[in-house]
Structures are given as C-alpha cells and as structure tokens.
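Step one of this worksheet: look at the structure below.
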Amino acid sequence: MSFLYKADPARGAVWARLFAQRAPETEFRLWPDVGDAREVRYLAAWKPPEDLNALLPNVEVVFSTGAGIDQFDLSRVPDHIPVVRMVEPGIVEGMVEYVTQAVLSIHRDIFAYAHQQTMRQWTELAVMPASERRVGVLGLGMLGQAVLSRLKAFGFDCAGWSRTPRHVDGVAGYAGYESLDAFLARTDVLVCLLPLTSATRGILDKRLLGGLPRGAWLINVGRGPHLNQYALMALLDSGHLSGAILDVTDPEPLPPSHPLWAHPKVRITPHIASATRPETAVEVVLENLRRHRAGLTMIGQIDRTQGY
Ligand code: NDP
Ligand code: OXD
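Count along the sequence shown from 1, add 792, and you get the number used in our numbering.
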C-alpha cells in the first residue's frame, strides 16, 4: 500500500522522514517518482494531477495538503473517492499568529507610525481601548473560531459570520445573508476567513465593503478571488476604507504593474499567513488512514455539495 505526496518537494522530504518514523509499513512516494501507479492507495496533493483517475486508478482517498480545497477540480475526482482537507493544529497556530499581528498593527496604528517615520515625525496618537474596536470575522470554521478566541482574549469586541449558526464564547454570532448587513455595520476590522466556493467568489465587493463603517479596515487571508480588488481600491481612494492587509491576491503573484503593489493603503504578504506543519499534519493524516481502514469518517472530510 503506497502513499503518494504531490506538493512542495522540500516539505515532502519532511513528510517522508516522518512517515518512515511513524508509519514504516506505509510506502511513501514523492511525486514525480510515482513508481507502479496501481499500488498508490492514498494521494496527498496541493493540486491533484488533472488525469487523476487514469494516472492513479486505485486511489481510495485524496488529501489536500492545505486547509482550502478550492485549488482542486473536484469534477476530476470520482464521486466515490473521499476528499479530505487539512485540519491540523499547526495551520491553526500560524493563522492565529498572522491575524493577531494584523489586527494589533491596525489597532496600535503601526501603519500611521510607519508613515510618520518616513517624514521623521514624532507624534503620539491616542490609543483606543480594545473593547471599543469591533472586529468581525467572515467564516466561523476551524480558523475563524481560533482567531476570534485569541482576539477575544485581548478584549476586542468580536463577532463572526457563518452560513449556519455557530457559537463561540464571548463572540456575537451572525448567520446567513439576511444578517450580513447587521454584521458589517458593527465591524471596524473585517477579516475574511471564508473558503472559496461558488457562493463566496467575489463576495468582498463594492456592496459588502461599502456596508462597513467609514474608516474600516480589511484583512483578507481567505483567497484572492474573494475580493474585487478594484472595488477595494476605489473605497480606499474615496476614504471609505482606511487600509487593507492582503495575504492573498488574484492572481498570485500580482503582475509587477498591478496598482495594488504600490497602493499607499495596502500591505501585501505572499500567501504566508499560515501553512500546514508537517510534524502535526502527518499525525492527523495517519489518524485518518486508521479511520479510513475502519470505515469511519475522516477528520476534515469535505462536503462536496457545499464545496468546502
Ligand atoms: P472551514 O471549512 O473550517 O470554515 C469555513 C467557514 O466559512 C464556516 O464557518 C462556514 O460556515 C463559512 N462559510 C462557508 N461558506 C459560506 C457562505 N456561503 N456564507 C457564509 N459562511 C460561509 O474553513 P477553515 O476555517 O479551515 O479555512 C477557511 C479558509 O482559509 C480556507 O478555505 C482557505 O481558503 C483559507 N486559508 C488561507 C491560508 C493562508 O495562508 N492565507 C491558510 C489556510 C487557509 P458553516 O460554519 O456554517 O459551515
Ligand atoms: C491553505 C493555504 O489552504 O495554505 O492551507 O492557503
């Protein structure tokens, strides 16, 4: 029984070492060294090969090496094969760190001070109590919930929006499109942690961003295609929004001539908010292999009808 890994080769080498230590009975193969493809039962990939069915005819489970699954063309994965995304503590920790630093940088005026520094200016700005800063997270899943729990501990006034009602201690919950306007109207810092699906593509548009109070900020750590980048720039230029921190763009990377690169109110990072950590991810994958053999639902198994 073989397990094939098709993603970043340097990380793959770490997965290979961990598999050798933790599951020596499983033969671990690193793409493109597929070997006898008929022996491959499990595939872990950032993007599966396009001809998955023809290339790996005996695959029983396809794992995403990321938390998101939008990079998969699910129509090419036969219906009987379960698709499992990465639900593991390492990726959660990374996202909590990134969003916390982004919210705190906004909250403590780090961008305004960076601008002051370019002018050799030494001016104190008033500090707003965290309890008066309203943070709202789109997406109350694995990542949104963890981020909100940490931000709550700083005392921020927190809310979250999801498709179905979710409870997070101390966080105001909003569910469904009928509650979106009310959620936006109380949000000074909006964090997007939605999966990219047909329902959420382009959701961060003129209407949604325009529904935020004047002076609000956007942190997009979901996916680039959630955001209409031209609507964002128009709202930044009109002063409706104060700034944006974008870890994801469309496309990635943006072409050198793209106006977002040089926009004074935009900070860009190259999709590094979080990544699967092999040490913790391999444990979850091994648990999932056990569950699969026992006929149990796996951790992170997606609902194909929802696309996440
Ligand atoms: P989950 O699947 O655990 O959670 C998704 C959340 O979004 C759920 O609360 C879900 O609602 C909600 N949601 C989905 N569709 C809608 C909709 N149409 N309307 C309202 N709410 C909706 O995902 P994760 O938290 O694990 O990850 C979220 C995303 O973060 C990933 O898909 C990926 O795109 C991105 N990501 C980015 C990384 C980066 O480095 N920038 C790293 C890792 C992930 P409900 O609870 O009702 O199901
Ligand atoms: C992910 C990502 O989805 O890295 O895991 O973006």
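The C-beta atom is built at its ideal place from N, Cα and C for all residues, glycine as well.
**Q.** Residues surrounding the ligand OXD [beta-carbon distance to nearest heavy atom under 7 Å]
**A.** Gly858, Ala859, Gly860, Met878, Ile883, His1063, Ser1066, Ala1067 and Thr1068
**Q.** Backbone CA spacing between Leu940 and Ala951 [nearest angstrom]
**A.** 8 Å
Q | Coarse secondary structure for Ala836, derived from DSSP in three states | A | strand
**Q.** For Tyr905, three-class secondary structure by DSSP
**A.** helix
Q) Relative to the alpha-carbon of Arg993, which residue among Val983, Ser1049 and Asp1042 has its alpha-carbon at the smallest distance? A) Asp1042
Q: Count the other CB atoms, across all protein chains shown, that sit within 10 Å of the CB of Ser954; report buried if there are 16 or more and exposed otherwise.
A: buried
Q) From Arg1015 to Phe820, what distance separates their C-alpha atoms? A) 30 Å
Q) Excluding the five sequence neighbours on either side, which residues of its own chain have a C-beta within less than 7 Å of the C-beta of His1063, listed in chain order? A) Asp1039, Val1040 and Glu1044
Q: Let me know the secondary structure DSSP gives Ser867 once reduced to three states.
A: helix
Q: Take Glu1071 as the anchor and find which of Pro840, Val853 and Ile883 has the nearest alpha-carbon.
A: Ile883
Q.
Taking 6 Å as the cut-off, is the C-beta of Leu1004 nearer than that to any heavy atom in the ligand NDP?
A. no
Q) Does the beta-carbon of Glu970 have 16 or more other beta-carbons within 10 angstroms, so that it is buried, or is it exposed? A) exposed
**Q.** Check whether Ala799 and Trp838 have beta carbons under 7 Å apart
**A.** yes
**Q.** Beta-carbon proximity list for Ala964, same chain, < 6 Å, skipping 5 on both sides
**A.** Ala951
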